[in-house]
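Structure record follows, encoded as structure tokens.
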Amino acid sequence: CFVLGIWGGIALAGVVVYYGAQMPSVTSWSIPDRPPNVKIVDVNGKLIANRGMTGGESVSLQQMSPYIPEAVIAIEDRRFYSHFGVDPLGLARALVSNVLDGRISEGGSTLTQQLAKNLFLTPDRTLTRKIAELGLALWLEIRLSKPEILELYLNQVYFGGGAYGIEAASQRYFGKPARELTLPEAALIAGLLKAPSRYSPANSPDAARARGRVVLDKMVDAGFITQKDEDRALAQPLVFSDAKDPKPAADAGYVVDYVLDQLPSMIGEGHAELIVETTLDRNLQRRAQQIVTDSLAKKGAALGASQGALVVLDRDGGIRALVGGSDYSESQFDRAVKAHRQPGSAFKPFVYLAALEHGMTPDSVAVDQPITIGGWSPKNDNNKYAGEVTLRRALAQSINTVAVRLNQDVGRGRTIEVAQRLGVKSELRDGPALALGTSEVTLLEMTGAYTAFSNGGDVVEPHVINRVRTSSGRVLFENIPPRTRVIDPTVIGPLNEMLNAVVVYGTGRRAALPDRPAAGKTGTTQDFRDAWFVGYTGQLTAGVWIGNDDGKPMNRATGGSLPAEIWNQVMRLAHEGKAPSALPGTMISSGAAAPDEFGDGPTAAAAGPRVVQLREQLPWLARASGPRSIFAPAQIVSAGSQSDDSQRSASHPAQSIGEDFISEAIAATSSGTGPAAGIAPPESVEAERAAKPLRSWW
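If you count the sequence shown from 1, position 251 lands on 588 in this note's numbering, and the numbers rise without skipping.
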């Protein structure tokens, strides 16, 4: 034992020398490296949150209430003045407790060890870090006196609520300097050290008071105060200061985390206070979070969906609202930014854009029939096939076989190139199933890619920070969104027309807005594990996802159901006070006559004069030039709508969907509910319809 003790002492000395040689100069320890105070505001200057140091500076032990060091020593390290930086009794007690509990319930660290960890080490719980902590603690005890160690610790430790150091904590919780803290106030602040968030007076005042009573008991046991002192302290009321730096509301948690994640790469060091000007709309953010939370609470259980996420972007890619989950207090994982999920059919617009760039048009005819590629045979949701269909209808009804055929025809590499050109950065696996959205992506990048459809073809970089400046006004960072055209203007109009059809009579009818053109695409993955709706107007783009974190299948939840409903509610709020705007490449019709929009294809020949007469009857379907924008009020698109992709094709078989929609439109118009209300259908149109059914031209 004697020999082992000698070798142990030599090893310990070696550890001390090794880590002591790597430590910075003692003079730098007295200036704790605190993060700057960060004030986050929305696009209108409204405060979203304050993060970082709440104020205060380093103070000496003589400049703080004498109760503070006593309370901290009593609750954190009673033998502080007797040990040499490491407390063998404390370590033994912690070891026994951990063995009995079967988990790490106590750490046994002294104040000196905590100081060493906070100053020089990462919070990782590893054996190497613990050894380093012990070595550094011993070295601190050699270089500094006990009062110096205690003073340094109290001036840099985190007390919660954004308060680093005792002076900041005193101002934060009681609105007074540290030298004026009373015994019960000092005990409460000392109690925060174990779990700053759990015992924070701002979050749980009762838990904070209870923890303060525990500290008072420990102070009595340690001999710092008498029982009468404790009784008098318990009789004194604790009045907390109103937080000068309000914590972010529940709806802002995901946004604040995302802002702080982006910030370090934009600024240097040494800033006392920063003001971060964001692209967020504070009111929309609050209401969007509420809509997602309430929608999942009301319908999530029936659909088997426990989580959801949402992003709203402006035309430049600025994030107006970001919802990373149903409840930030329960889970801080941001599903809008960090979750990689299969988008399903929401990926198909990239396939159709590649087809349009390849020379096809919305009226090009494809064949919906069984197809096998390398032993793989994709099927439609209803296991039925419609035969010849236009690309417009194939996209609106989300026909799988057509998307796969198009991907093969244009070359799979072209679809990947299109997606990446629009800003999709996740890895895309080449293969025939790519067209059906089998590669995982994030909601933020998908919404950002769709923004190019909304703004006329310019790629955007989704961003949340507009500018960062110091409290003195010095600008440290300013974001100037680049505008690079990546979609040809002659293609963007036809694509927007096709995606508008998805909302007018396709799988996304529940997303239709009552007062303006909208477009988008539903997405539902295999076994209903993910449900998406990503859509846009001429002003904003939004994406919605619902599902389960563990990938558990939902109960037939499709992109056209709850995601489309959430999208509709949020976008109605987002567009309050905004005038309707046409989708790029299209126009909101004024009712003027227009050339035949069907070109010379087989559908145009089948439609014949019927289409021209229909334009006269429903002038809102006409266009002045370029492809039409189908301007669909809610009264029309809701008639007989179904959200389930698998039911859609069954309810609108091959030769009837265009006719069904026309019937609904005529009925709504003649009954006074459509945008051309009061215009009666000509008798000749009805006679022609009875004599010869119209071939589907949608």
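Glycine included, C-beta positions come from ideal geometry on N, C-alpha and C.
Item: Looking at the secondary structure, which residues open and close the alpha helix (DSSP H) in which Gly292 lies?; Value: Any property of residue 292 remains undetermined from this structure, which presents the chain solely from 338 to 1035.
Item: What are the boundary residues of the beta strand (DSSP E) that Glu610 is part of?; Value: 610–615
Item: With a threshold of 6 Å on Cβ separation, who are the neighbours of Ala868 within its own chain once the five nearest residues in sequence on each side are excluded?; Value: Thr861, Ile883, Ala894, Thr895, Gly896, Pro900
Item: Tell me Lys858's beta-bridge partners as DSSP assigns them.; Value: Val871
Item: Rounded to a whole number of angstroms, what is the C-alpha to C-alpha distance between Thr827 and Lys858?; Value: 21 Å
Item: With Ala625 as the anchor, note down where its beta strand (DSSP E) starts and where it stops.; Value: Here Ala625 belongs to no beta strand (DSSP E); instead the alpha helix (DSSP H) covers 619–632.
Item: Identify which residue in Leu640, Ser602, Gln399 has its Cα closest to the Cα of Pro890.; Value: Leu640
Item: Which residue marks the beginning of the alpha helix (DSSP H) containing Thr827, and which one marks its end?; Value: 826–841
Item: Can you give me the C-alpha to C-alpha distance between Gln399 and Ser507, rounded to a whole angstrom?; Value: 15 Å
Item: Thinking C-alpha only, which one of Val796, Leu477, Met556 is nearest Asp566?; Value: Met556
Item: List in chain order: all unbroken alpha helix (DSSP H) runs of 4+ residues lying wholly within the stretch 684–736.; Value: 685–694, 728–733
Item: Is it buried or exposed for Ala532, if we count other Cβ within 10 angstroms and need 16 for buried?; Value: exposed
Item: Going by DSSP in three states, Phe511 sits in which element: helix, strand or coil?; Value: helix
Item: Determine whether the beta carbon atoms of Tyr722 and Thr709 lie at a separation below 8 Å.; Value: no
Item: Would you tell me roughly how many angstroms separate the C-alpha atoms of Leu732 and Gly498, rounded to the nearest one?; Value: 51 Å
Item: In the DSSP output, what is Tyr495 paired with across the bridge?; Value: Tyr501
Item: So, for Gly560: in the same chain, excluding its five sequence neighbours on each side, which residues have a beta-carbon less than 8 Å away from its beta-carbon?; Value: none
Item: Can you confirm whether the stretch 837–853 touches the stretch 767–777 when touching is taken to mean that 3 or more C-beta pairs between the two stretches lie within less than 8 Å?; Value: no
Item: I'd like to know whether the C-beta atoms of Glu725 and Val702 end up nearer to each other than 8 Å.; Value: yes
Item: Give the secondary structure of Asn744 by DSSP, where H, G and I count as helix, E and B as strand, and everything else as coil.; Value: helix
Item: Specify the secondary structure class of Asp379 as computed by DSSP and reduced to three states.; Value: coil
Item: When DSSP labels each residue in this structure, what does Leu877 get in the three-state scheme?; Value: strand
Item: Could you compute how far the alpha carbon of Trp344 sits from the alpha carbon of Cys338?; Value: 10 Å
Item: Quick one: is Gly342 buried, meaning 16 or more other Cβ sit within 10 Å of its Cβ, or exposed?; Value: exposed
Item: Under a three-way DSSP split, which group does Gly590 fall into?; Value: helix
Item: Let me know the secondary structure DSSP gives Gln644 once reduced to three states.; Value: strand
Item: If you draw a straight line from the alpha carbon of Gly794 to that of Leu529, how long is it in whole angstroms?; Value: 53 Å
Item: Okay, do the stretch 808–820 and the stretch 779–791 touch, 3+ Cβ pairs below 8 Å being the bar?; Value: no
Item: Can at least three beta-carbon pairs, one atom from the stretch 651–661 and one from the stretch 706–720, be found at a separation below 8 Å?; Value: no
Item: Which one of Val649, Glu667, Gln622 has the shortest CA to CA distance from Ser643?; Value: Glu667
Item: Name, in chain order, the residues that DSSP records as bridge partners for Trp476.; Value: DSSP output for Trp476 lists no bridge partner at all.
Item: Tell me whether Asp558 sits in a helix, a strand or coil according to DSSP, three-state version.; Value: helix
Item: Could you give the residue range of the alpha helix (DSSP H) that holds Arg909?; Value: 899–911
Item: Go through its chain and collect everything with a Cβ distance to Asn792's Cβ below 6 Å, but skip five positions before and after it.; Value: Arg652
Item: Compute the Euclidean distance between the alpha carbons of Leu743 and Pro699, then round it to the nearest angstrom.; Value: 13 Å
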